[in-house]
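Single-structure report; data block below.
2 protein chains.
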Amino acid sequence: MPHHVPKIDANMRCGDCPIRKRAICAYCEEPELLQLDDIKSYKTYQAGETIVWAGEEMPLIGSVVSGVATLSRSLADGRRQMVGLLLPSDFIGRPGRKVAPYDVVAANEVMVCHFRVAKFNTLIDSTPALERRLLEMTMDELDSAREWMLLLGRKTAREKIASMLVLFARRGSEAEDKPIKDGLRFDVPLTREEMADYLGLTIETVSRQVSALKKSGVIIVEDARHIRVPDYVRLLNEASDDSDGGFIA
Amino acid sequence: MPHHVPKIDANMRCGDCPIRKRAICAYCEEPELLQLDDIKSYKTYQAGETIVWAGEEMPLIGSVVSGVATLSRSLADGRRQMVGLLLPSDFIGRPGRKVAPYDVVAANEVMVCHFRVAKFNTLIDSTPALERRLLEMTMDELDSAREWMLLLGRKTAREKIASMLVLFARRGSEAEDKPIKDGLRFDVPLTREEMADYLGLTIETVSRQVSALKKSGVIIVEDARHIRVPDYVRLLNEASDDSDGGFIA
DNA sequence: TGTCTACCTTGATCTTGATCAAGGTTTGGT
DNA sequence: ACCAAACCTTGATCAAGATCAAGGTAGACA
Chain A
51 MPHHVPKIDA NMRCGDCPIR KRAICAYCEE PELLQLDDIK SYKTYQAGET IVWAGEEMPL
111 IGSVVSGVAT LSRSLADGRR QMVGLLLPSD FIGRPGRKVA PYDVVAANEV MVCHFRVAKF
171 NTLIDSTPAL ERRLLEMTMD ELDSAREWML LLGRKTAREK IASMLVLFAR RGSEAEDKPI
231 KDGLRFDVPL TREEMADYLG LTIETVSRQV SALKKSGVII VEDARHIRVP DYVRLLNEAS
291 DDSDGGFIA
Chain B
51 MPHHVPKIDA NMRCGDCPIR KRAICAYCEE PELLQLDDIK SYKTYQAGET IVWAGEEMPL
111 IGSVVSGVAT LSRSLADGRR QMVGLLLPSD FIGRPGRKVA PYDVVAANEV MVCHFRVAKF
171 NTLIDSTPAL ERRLLEMTMD ELDSAREWML LLGRKTAREK IASMLVLFAR RGSEAEDKPI
231 KDGLRFDVPL TREEMADYLG LTIETVSRQV SALKKSGVII VEDARHIRVP DYVRLLNEAS
291 DDSDGGFIA
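Sequence lines, in order, name chains A and B.
For the first sequence, the tail end lands on 299 under the numbering used here, and the numbers increase by one without skipping.
For the second sequence, the tail end lands on 299 under the numbering used here, and the numbers increase by one without skipping.
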């Protein structure tokens with residue numbers, strides 16, 4: 051069983067929520083916005099199971115509780131690029147929205163995703179508050195996508211790896227409600243292949259760069275899925291995540 | 051004066067709109083959604099002029115009429131990646147939304163952008179219809195960003211160039227309300243440097259790949275800003291834009 | 001009309017990350 | 001406990017694209 055999967059109980063109610071910080075939390079935050087159905091609407095997907103095919107409509111709307119869902123797009127010859135990554139507490143699904151052509155959402159990991167699914171029809175002509183919340187979340191997602199584009203277009207392999215690890219560290223600490231500090235330990239929720247798809251690299255390069263960061267002492271690799279960071283600022287520097295805030299004359 | 055800049059007349063009214071197809075068109079579509087101010091609210095930016103700095107709020111909301119606006123993000127050492135490209139008819143600005151840290155929106159070209167600016171305060175607590183429209187547009191933008199990510203992460207330099215040219219061809223034909231056909235001619239609204247920033251390449255590679263496509267007979271380069279396409283399908287193939295619609299087992 | 005500057009092209013060489021290849025490790029099923 | 005399959009690592013070589021370098025072109029302006 052992977053990284054601190056919160057125990058889900060079919061009788062849980064808001065307030066018992068295992069994740070808190072982000073998006074709409076199906077457990078504790080703004081439940082009235084989602085007009086939550088009864089508890090039956092939790093859903094779980096197995097690792098590798100497809101949640102929805104390209105061009106179809108999302109079968110659900112809610113928050114990821116544990117595990118990971120990914121969204122990928124690929125070329126005719128099989129080259130694949132991950133274009134979305136949903137970690138615990140992330141919101142998934144948009145009411146009345148079809149998945150864009152050739153997008154694929156796949157469940158990944160011991161994908162223990164649980165959702166409270168609302169009735170779609172009530173959502174589509176739903177409250178202004180929900181509309182606004184969805185807009186807010188979608189704009190946040192767009193911002194993340196743009197950060198990701200910077201990574202894909204301009205970062206070196208080593209920087210890409212470091213940036214990804216920073217993301218995992220951040221989200222991991224958030225989930226556990228701990229501050230990010232030196233010596234932190236976190237899970238790597240993706241396989242090497244998925245990391246490669248995430249970063250626009252090959253698995254060999256991913257493996258090599260992780261090893262290189264290890265050899266430099268930036269990270270301690272306990273095993274392929276667990277990493278410890280002795281000096282968080284050093285990892286941050288490796289990511290070159292910092293930008294110049296500049297402007298164009 | 052560049053590519054067919056529509057003539058803007060300070061007394062124009064909806065129905066005289068020079069752009070039609072996409073987003074909210076400030077001229078003819080859904081003007082009531084934007085609660086348009088009077089005609090004074092058109093705005094023009096010079097080439098290279100900055101529309102808004104990182105962390106600030108968009109000074110306007112409306113549609114690009116002509117010219118190009120770009121959104122870029124960069125690393126501390128100056129490496130820059132374009133993360134947004136707004137062509138005529140694209141919607142610009144979100145009410146009450148600050149530009150993400152380190153994002154920059156810059157006017158580009160003989161940037162003849164005109165807008166009808168609505169009053170922000172009325173927009174922020176605006177109609178459900180506008181909220182929904184904004185959500186729709188933001189999701190479309192997210193879809194484009196994801197297509198762009200596939201390009202950045204997995205396409206070759208040649209494919210990147212071809213994909214970009216297809217985009218320009220499409221948008222150009224749309225603007226002129228002509229079908230895309232063989233022999234079409236279109237403007238390239240970016241400098242080589244901007245193309246490089248768009249594609250995650252260097253300007254030398256951009257230049258070389260354009261030359262290579264020319265030598266292969268896929269395109270006819272009239273000058274750096276004007277291209278003709280004898281066989282549109284061939285250009286499409288070069289872009290490898292086609293994807294497999296596949297799924298993950 | 002000439003010159004300056006910004007922009008573009010092409011060549012030579014180098015580097016990063018891809019590709020090809022071989023083993024090693026972990027996990028899950030029986 | 002053993003085996004198979006999936007996953008990961010490392011090495012050797014290759015190639016796409018970056019970097020370094022040298023002109024060329026065209027529009028802006030005096």
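Even for Gly, the Cβ is constructed at its ideal location relative to N, Cα and C.
Here the structure is a predicted model, which is why all the values come from computation and not from measurement.
According to the Cβ coordinates, are residue i and residue j closer than 9 Å?
i	j	result
Ser-139/B	Gln-131/B	no
Val-271/A	Ala-219/A	no
Asn-274/B	Arg-208/B	Sequence inspection shows Ala at residue 274/B; the Asn mentioned does not correspond to that position. Cβ distance not < 9 Å, so Ala-274/B and Arg-208/B don't count as in contact.
Gly-112/B	Ile-142/B	yes
Leu-200/B	Ser-213/A	no
Glu-186/B	Leu-192/A	no
Ser-290/B	Lys-205/B	yes
Nearest CA to the CA of residue i: which residue from the options?
i	options	result
Tyr-248/B	Glu-107/B, Thr-120/B, Val-154/B and Trp-103/B	Thr-120/B
Asp-232/B	Gly-98/B, Asp-281/B, Val-115/B and Asp-291/B	Asp-281/B
Ile-253/B	Arg-144/B, Glu-243/B and Thr-100/B	Glu-243/B
Glu-99/B	Gly-117/B, Gly-112/B, Gly-250/B and Gly-105/B	Gly-117/B
Pro-239/B	Leu-184/B, Thr-94/B and Leu-136/B	Leu-136/B
Leu-234/A	Leu-215/A, Met-245/A and Ala-97/A	Leu-215/A
Asp-153/A	Val-115/B, Ser-194/B and Val-114/B	Ser-194/B
Please work out which residues of its chain come closer than 7 Å, Cβ to Cβ, to residue i, disregarding the five sequence neighbours upstream and downstream, and give them in chain order.
i	result
Met-102/B	Looking at the sequence provided, one finds Val at residue 102/B rather than Met. Answer for Val-102/B: Met-108, Pro-109, Val-149 and Val-155, listed in chain order.
Phe-236/B	Phe-218, Ala-219, Gly-222 and Ile-277
Val-329/A	The displayed coordinates of chain A run from 51 to 299. Any statement about residue 329/A would go beyond what the structure contains.
Ala-126/A	none
Val-260/B	Ile-211 and Val-271
Leu-251/A	Ala-207 and Lys-210
Compute the minimum distance between the beta carbon of residue i and the heavy atoms of the ligand NAD, and state whether it is under 8 Å.
i	result
Gly-105/B	Looking at this structure, you won't find the ligand NAD or any other ligand, since it has none at all.
Quick test of your reading: residue i and residue j, contact by CB under 8 Å. State the CB separation rounded to the nearest angstrom.
i	j	result
Gly-203/A	Leu-202/B	5 Å
Arg-181/B	Arg-182/A	In the sequence under discussion, the amino acid at residue 181/B is Glu, which differs from the Arg named in the question. 6 Å between Cβ atoms; contact.
Arg-196/B	Met-189/A	Wrong, their Cβ atoms sit about 15 Å apart, outside the cutoff.
So, at 8 Å on beta carbons, what are the nonlocal neighbours of residue i in its own chain, with the 5 sequence-adjacent residues on each side left out?
i	result
Asp-257/B	According to the sequence as given, residue 257/B is Ser; it is not Asp. So the qualifying residues of the chain are Arg-242.
Leu-184/B	Arg-144 and Pro-145
Ala-246/B	Thr-252, Ile-253, Thr-255 and Val-256
Ile-230/B	Ala-219, Arg-220, Ser-223 and Tyr-282
Lys-228/A	Leu-234
Lys-264/B	Ile-270 and Val-271
Please work out which residues of its chain come closer than 6 Å, Cβ to Cβ, to residue i, disregarding the five sequence neighbours upstream and downstream, and give them in chain order.
i	result
Gly-134/A	Leu-121
Cβ-based contacts, 9 Å cut-off: residues of the region 125–151 of chain A near chain B: Leu-125, Ala-126, Asp-127, Gly-128, Arg-129, Arg-130, Gln-131, Met-132, Val-133, Gly-134, Arg-144, Arg-147, Ala-150 and Pro-151
Compile a chain-ordered list of the residues in the region 183–198 of chain A whose CB is closer than 8 Å to at least one CB of chain B. Taking 8 Å as the Cβ-Cβ cut-off against chain B, the residues of the region 183–198 of chain A that qualify are Leu-184, Leu-185, Thr-188, Met-189, Glu-191, Leu-192, Asp-193, Ala-195, Arg-196, Glu-197 and Trp-198.
Residues in the region 243–271 of chain A with C-beta within 7 Å of chain B's C-beta atoms, listed in sequence order? Gly-250
At a Cβ cut of 9 Å, what residues of the region 202–215 of chain A count as close to chain B, listed as they run along the chain? Leu-202, Gly-203, Arg-204, Lys-205 and Glu-209
May I ask you to list, following chain order, the residues of the region 95–116 of chain A that have a beta carbon less than 7 Å from some beta carbon of chain B? Gly-98, Thr-100, Trp-103 and Ala-104
Using a Cβ cut-off of 7 Å, which residues of the region 231–243 of chain A contact any Cβ in chain B, in chain order? For the region 231–243 of chain A, which is checked against every Cβ of chain B, not one residue is closer than 7 Å.
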